[in-house]
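Take the sequence shown: its position 25, counting from 1, is numbered 30 in our numbering, and each next residue is one higher. Glycine residues also receive a C-beta, built at the ideal position from the N, C-alpha and C atoms.
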Amino acid sequence: MRAELAQLSHGAPVVSVVWIEGSSGIITLQEDGVVSKWIRTGSNQWHWTKIVNAGKDKGAEEGSMCLAYGRDRVAVSLPHSGVKIWIWNKGTWQFQRSILRQNVTAIKFVHDGTALLGGTRDGVLWHSEVPNGTLRVYSLMKDKIVDIDLNASGTCALVTQTGGVARLVDLQADRRGQVTAVYGNAETKTRPSGDSGAAFVANGQGVLHGSSGGCVLVWDTKKGSLVYGLEHEEDDIIQAVAGFDGSSAKDGCIITGTKQGRLYWWSQPSQPESSRCISFFIRSGC
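Okay, structure coming up:
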């Protein structure tokens with residue numbers, strides 16, 4: 006049985022949330038540009054601290070701001086102003102630099118926080134070292150990039166785009182920017198599930214992306230082939246997905262969230278067992 010652990014109130018709608026290392030807390034970005042840190046201090050106690058106010062572009066679209074966090078570094082993208090980066094130094098958050106790239110729609114710290122990977126509305130995947138570095142284009146993908154996820158080793162990026170497609174991009178020096186796999190089919194392209202990002206599952210062996218008739222699809226990471234699905238109600242609209250690979254104390258799981266406000270837990274198998282949509286994956290705990 007699962008229960009809600011806490012309600013963390015904010016002064017404005019929250020547009021992005023990221024975990025702090027070790028799951029000790031979260032970083033949040035509000036619609037008004039305020040970035041906050043919540044640290045868990047007890048079994049059901051949380052301490053709030055304001056980090057920075059990134060501001061807000063006038064006339065910016067709702068949900069067009071992005072947040073990234075890694076190794077005491079915070080980045081916020083604004084559609085017109087570009088990306089702003091702060092670094093924790095001598096007990097305070099200090100503004101470090103701006104990256105003057107407009108229409109950024111996704112950002113992620115890579116290489117242990119020494120660089121920032123970003124995607125744009127027109128499908129450009131770019132890279133810039135932090136604290137100082139030149140912005141370099143890694144790949145041109147045409148369609149809007151809505152999310153970026155990393156594998157555990159940080160060698161590959163999972164780039165989700167509008168139009169029902171996700172791509173696996175190599176980040177290693179000798180193959181940097183190369184697309185090594187594409188996840189999507191006629192169903193995901195004609196009926197895209199929205200701007201929810203794809204996610205690595207099963208210790209990077211699988212990719213959770215797209216849905217068909219309420220069935221969330223799981224793909225083989227290396228081959229790019231469809232291997233099985235997680236069956237929901239047919240009218241469910243899937244808006245969020247996440248994977249937890251497990252630890253010594255807890256089994257791994259997959260979590261899906263719907264527009265109707267329901268959360269589902271699924272056991273995370275180590276090996277795919279079918280190429281069709283199946284329903285025997287028990288909604289079990291992690």
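Counting the other Cβ atoms within 10 Å of the Cβ of I112 gives 16 or more, which makes it buried. Take S48, set aside five residues on each side of it, and no residue of its chain has a beta-carbon closer than 7 Å to its own.
Among the bridge pairs identified by DSSP, G211 is matched with V206 and D225.
For K61, the three-state secondary structure derived from DSSP is coil. Residue K264 holds the alpha-carbon nearest to the alpha-carbon of H237 among G128, K264, V206 and T165.
Here T167 carries a coil assignment [DSSP, helix/strand/coil]. Here A203 really is in contact with Y188; their C-beta atoms are around 7 Å apart, less than 8 Å. Between V39 and the set W24, Y233, I56 and G27, the nearest pair of CA atoms involves I56. A distance below 8 Å between beta-carbons, with the five flanking residues on each side excluded, links A120 to the following residues of its chain, in chain order: F114, H132, S133, E134, V135 and G138. CA-to-CA, the gap between K63 and E36 works out to about 12 Å. DSSP places K194 inside the alpha helix (DSSP H), whose first and last residues are A191 to T195. A buried status is given to F205, since no fewer than 16 other beta-carbon atoms sit within 10 Å of its beta-carbon. Going by C-alpha positions, I92 is about 27 Å away from S144. Within a 10 Å sphere around the beta-carbon of S253 sit fewer than 16 other beta-carbons, which makes this residue exposed.
Closest by C-alpha distance to I31, out of A73, A59, R7 and A8, is A73. Sixteen is the threshold: when 16 or more other Cβ atoms of the shown chains lie within 10 Å of the Cβ of W43, as they do, the residue is buried.
For V22, same chain residues with a beta-carbon under 6 Å away, outside a window of 5 residues either side, are I31 and T33 in chain order.
One alpha carbon belongs to R126, the other to D148, and they sit about 7 Å apart. D256 sits exposed, since fewer than 16 C-beta atoms from the chains shown fall within 10 Å of its C-beta. By the beta-carbon neighbour count (other beta carbons within 10 angstroms, threshold 16), G124 is buried. Here S217 is not near E239, since their CB atoms are 7 Å or more apart.
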